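**Q**
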Amino acid sequence: MTNENTKVETETPPAPLTKRALDWTQRVWRPAGTVVAVALALLLMWHVVNGKNGLTVWHRKTSEDQQLRKDIKQLEEENAQLRQHVEQLKSDPDAIEHEAREKLHYAKPNEVIVAMPAPEKDQGQPAGAGR
Numbered sequence: 350m351t352n353e354n355t356k357v358e359t360e361t362p363p364a365p366l367t368k369r370a371l372d373w374t375q376r377v378w379r380p381a382g383t384v385v386a387v388a389l390a391l392l393l394m395w396h397v398v399n400g401k402n403g404l405t406v407w408h409r410k411t412s413e414d415q416q417l418r419k420d421i422k423q424l425e426e427e428n429a430q431l432r433q434h435v436e437q438l439k440s441d442p443d444a445i446e447h448e449a450r451e452k453l454h455y456a457k458p459n460e461v462i463v464a465m466p467a468p469e470k471d472q473g474q475p476a477g478a479g480r
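Counted from 1, the sequence shown has number 433 at position 84 by my numbering; the numbering is strictly sequential.
1. CB-CB under 6 Å to Lys401, same chain, minus the five flanking residues each way: which ones, in chain order?
2. Would you kindly check if the distance between the Cβ of Leu404 and the Cβ of Val398 is under 8 Å?
3. Do Leu292 and Glu448 have their C-beta atoms closer together than 8 Å?
4. Specify the secondary structure class of Arg480 as computed by DSSP and reduced to three states.
5. Indicate the three-state DSSP secondary structure (helix, strand or coil) for Asn428 in the structure shown.
6. Which residue marks the beginning of the alpha helix (DSSP H) containing Asp441, and which one marks its end?
7. Starting from Lys368 and walking both ways along the alpha helix (DSSP H), at which residues does that stretch end?
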C-alpha cells in the first residue's frame, strides 16, 4: 500500500485554469510579439528608404539640386555676356554698325545688299528621287 500512497502523493493536482491560461498566453504571444516587432521594423525600414521623404526621394532631390545649380551658373554667365554686349552697343560705334548691318540689313549710301538664299537642308534623298 505504501506504493500506492506514495504514487498518489507524488501526483500533482491539475493547475488552476488561470495559471494554465497564463502559461498558454506566454507561449503563444511571445513568438507573435517577435513577429510583430520584426514586421514593424521592416515597415519602418521600407518607409525610411521609399517613404515621402525617404532616401530615394532625397537622392533624386540632390541630383535635381545639382542640375539646377549648373543651370543657374550657366544663366549667370550668359547674363554677364549679354550685359557686356549691351555696354559695347552703348559705347562702341563699330559694334553698333556691325549689329545694324548683320541683323537689320542696313547699308551705307551707295552700297548694294545682295541677299543670298539660305541653303536647303538635305532630306537624305538624292536629287530627283522623289519623282
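Cβ coordinates follow ideal geometry from the N, Cα and C atoms, glycine included.
Quick caveat: nothing in here was measured; it's all calculated off a predicted structure.
**A** A quick look at the data gives this:
1. none
2. yes
3. The requested residue 292 does not occur in the structure, where the chain is confined to residues 350 to 480.
4. Residue placement at Arg480 is flagged as unreliable, the pLDDT there being 48, under the threshold of 50; a coordinate-derived value is accordingly withheld.
5. helix
6. Annotation: Asp441 is outside any alpha helix (DSSP H) and is labelled neither H nor E by DSSP.
7. 366-399
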